[in-house]
Amino acid sequence: MKKCRRCQEEFGFEPRPITFGNPTAKIMHISQAPGRKVHEIGRPFSDLSGKTLRQDWYQISDEQFYNPDNFYFTTVGHCFPGKSLRGNYDRKPPKICYDLWTSKEIELMKECELYLVVGSEAASRLFPKRKLSDLVYEDLSLNGKPCYVLPHPSPLNRIWMKNNPEFTEKRLAEIRKKIHEILKLDDSKMDTDMVDSDQ
């Protein structure tokens with residue numbers, strides 16, 4: 055997969071497939087596609103979205119987040135797809151990537167304890183024709199294991215967050231509790247363990 059260049063002509067630049075983690079990781083993390091900064095650095099969520107995810111939503115340290123035995127990170131589009139014509143949004147990832155790679159990764163990760171699906175684009179591949187605003191409040195399952203859908207933590211998603219306050223007020227705490235339970239974290243110590251990860 056790391057050598058895949060199938061979309062190079064479509065992108066207009068050399069693709070850089072991004073994944074991270076061990077196939078025996080406890081949690082499989084499935085999101086949309088790498089942004090430009092992640093494309094340049096080569097590590098998932100090494101941007102402001104990642105900082106929000108780690109510090110505010112999951113409330114775990116960088117070390118815990120990037121422990122390959124804790125999380126396996128993949129996307130429904132493994133490469134940065136480039137910017138939209140106006141340059142204000144990233145383009146949607148090619149659908150072929152999910153069929154070629156992500157679906158097979160999910161099959162191989164059947165032993166993980168939890169699936170986290172982040173963003174409407176990722177959710178639409180796994181739960182087609184379902185609204186994100188409905189999925190985020192459901193206790194779903196994938197390969198017989200718990201699965202939670204989350205909105206994307208991007209600052210560009212602030213309107214959705216404003217219109218769905220119950221997610222941050224209640225649902226997020228339920229998801230975070232499950233993550234901490236699987237990683238065997240002591241919540242009382244999390245505030246002192248947090249690491250500033252603005253990169």
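Numbering-wise (the numbering used here), the sequence shown opens with residue 55 and increments by one. The beta-carbon is built from N, C-alpha and C at its ideal position, and this holds for glycine as well. From a predicted model like this one, the values you see are computed outputs, not experimental measurements.
Within 10 Å of its beta-carbon, does Thr246 have 16 or more other beta-carbons around it, so buried, or fewer, so exposed? Residue mapping note: residue 246 aligns to position 192 of the sequence shown, counting from 1. Low confidence applies to Thr246: its pLDDT is 46, below 50, so where it sits in the model is not reliable enough to give any reading.
Would DSSP call Lys158 helix, strand or coil? Working through the sequence shown from its first residue, we reach residue 158 at position 104. Of the three classes helix, strand and coil, the one that applies to Lys158 here is helix, per DSSP.
Determine the direct distance from the alpha carbon of Ser157 to that of Ile84, and round the result to whole angstroms. Numbered from its first residue, the sequence shown carries residue 84 at position 30. Numbered from its first residue, the sequence shown carries residue 157 at position 103. Cα to Cα, Ile84 sits roughly 11 Å from Ser157.
So, are the CB atoms of Thr129 and Pro77 less than 8 Å apart? Here residue 129 refers to the residue found at position 75 when the sequence shown is read from its first residue. Here residue 77 refers to the residue found at position 23 when the sequence shown is read from its first residue. Not closer than 8 Å, so no.
Suppose you measure from the CA of His234 to the CA of Glu63; what does that come to, to the nearest Å? Along the sequence shown, one-based indexing puts residue 234 at 180. Along the sequence shown, one-based indexing puts residue 63 at 9. Cα-Cα distance, rounded: 42 Å.
Quick one: what's Phe125 bridged to in DSSP? Position 71 of the sequence shown, counted from the first residue, corresponds to residue 125. According to DSSP, Phe125 bridges with Ile81.
For Leu226, count neighbouring C-beta atoms within 10 Å of its own C-beta (all shown protein chains included) and say buried if the count is 16 or more, exposed if not. The count along the sequence shown starts at 1 and reaches residue 226 at position 172. By the neighbour-count definition (other C-beta atoms within 10 Å, threshold 16), Leu226 is a buried residue.
The alpha helix (DSSP H) with Leu186 in it runs from where to where? Looking up residue 186 in the sequence shown gives position 132. First-last of the alpha helix (DSSP H) with Leu186: Leu186 to Leu189.
Going by DSSP, what residues sit across from Phe74 in a beta bridge? For the purposes of this step, residue 74 is taken as residue 20 along the sequence shown, with counting starting at 1. Paired residues: Phe127.
Going by Cα to Cα distance, which pick from Asp123, Val171, Pro69 and Lys105 is closest to Arg90? By 1-based counting over the sequence shown, the position of residue 90 is 36. Checked all of Asp123, Val171, Pro69 and Lys105; the closest Cα to Arg90 is Pro69.
CB-CB under 8 Å to Tyr143, same chain, minus the five flanking residues each way: which ones, in chain order? Counting from one through the sequence shown, the residue named residue 143 turns up at place 89. Within its own chain, the residues whose Cβ lies closer than 8 Å to the Cβ of Tyr143, once the five positions on either side in sequence are excluded, are Lys137 and Leu210, listed in chain order.
Looking only at its own chain, which residues have a Cβ that is under 7 Å from the Cβ of Thr222, when we skip the five neighbours before and after it? As a first step, residue 222 is located in the sequence shown; it is residue number 168 there, counting from the start. Around Thr222: Met215.
Straight-line gap, Met82 to Thr106 (C-alpha atoms, nearest Å): Within the sequence shown, numbered from 1, the residue matching residue 82 stands at position 28. Within the sequence shown, numbered from 1, the residue matching residue 106 stands at position 52. The alpha-carbon atoms of Met82 and Thr106 are separated by roughly 18 Å.
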